[in-house]
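Peer 1:
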Amino acid sequence: MGGEAALAGPRKAEKALRSSGINHTILRLGALTDDAGMIPLLFGMNDAILERRIDSTTTRRPPILSRSDAARVAIFLLKEASSMFRDLTVDCSWHPKYGRSSVGSEEAVNAACRQDLMEALTKDILLFSFQKG
1 MGGEAALAGP
11 RKAEKALRSS
21 GINHTILRLG
31 ALTDDAGMIP
41 LLFGMNDAIL
51 ERRIDSTTTR
61 RPPILSRSDA
71 ARVAIFLLKE
81 ASSMFRDLTV
91 DCSWHPKYGR
101 SSVGSEEAVN
111 AACRQDLMEA
121 LTKDILLFSF
131 QKG
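Under my numbering, the first residue of the sequence shown carries the number 1, and numbering increases by one thereafter.
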């Protein structure tokens, strides 16, 4: 299992949510890991991160994200930015510069602490919109 079959159920639920009229932000996460996290994040829209990953690597591995970083961005969206990203589908994964070997490294933790999530979300989503438009 995997691939399109694994995505069919969530995509059906997303479609139902979009058509419900309820204010929402759909957060599509990379493959979740149990790593400690505190890795800088990358954002996109409508599977842009997954498509870019598939186009640029020979591996079939999806973008990844720790559960703790997933919680960090979800809480940020709920508390700080829910109205700004209302009715959007936002992709999120670790920045490609960092991987599992970066977890816990001083460089990655410092970069994650310095990362302004609002700025990163806005910049990455605007960049995606410009590239697609």
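C-beta: ideal position from N, C-alpha, C; glycine also.
#1: Look at the Cβ atom of Ile-26, then the Cβ atom of Leu-32, and state whether they are nearer than 8 Å.
#2: I need the straight-line Cα distance from Pro-40 to Arg-61, nearest angstrom please.
#3: With DSSP as the reference, identify every bridge partner of Ile-26, one or two as the case may be.
#4: Taking DSSP as the reference, what is the three-state secondary structure of Gly-44?
#5: Helix, strand or coil: which one does DSSP assign to Ser-83?
#6: For Ile-64, tell me which candidate among Leu-50, Ala-74 and Ser-93 has the shortest Cα-Cα distance.
#7: Got a sec? Which residues, its chain only, sit under 8 Å from Lys-97 by beta carbon, not counting five neighbours each side?
#8: Tell me where the beta strand (DSSP E) around Ala-31 begins and ends.
#9: Kindly indicate which three-state DSSP category Ser-68 falls into: helix, strand or coil?
#10: Considering Cα atoms alone, identify which of Glu-51, Ser-66, Asp-87 and Glu-80 is closest to Ala-112.
#11: Using only the alpha-carbon positions, how far apart do Gly-37 and Leu-50 sit?
Peer 2: Reading off the structure:
#1: Cβ atoms of Ile-26 and Leu-32: not closer than 8 Å.
#2: Those two C-alpha atoms are separated by around 19 Å.
#3: According to DSSP, Ile-26 bridges with Thr-89.
#4: In the structure shown, the three-state DSSP call for Gly-44 is strand.
#5: Correct three-state label for Ser-83: coil.
#6: Here the closest residue by C-alpha is Ser-93.
#7: Residues Pro-40 of the same chain have their beta carbon placed closer than 8 Å to that of Lys-97, with the five preceding and five following residues left out of the count.
#8: Note, Ala-31: beta strand (DSSP E), 31 to 33.
#9: Assignment of Ser-68 by DSSP, reduced to helix, strand and coil, places it in the helix class.
#10: Comparing Cα positions, the closest option is Ser-66.
#11: Take the alpha-carbon of Gly-37 and the one of Leu-50: they are about 20 Å apart.
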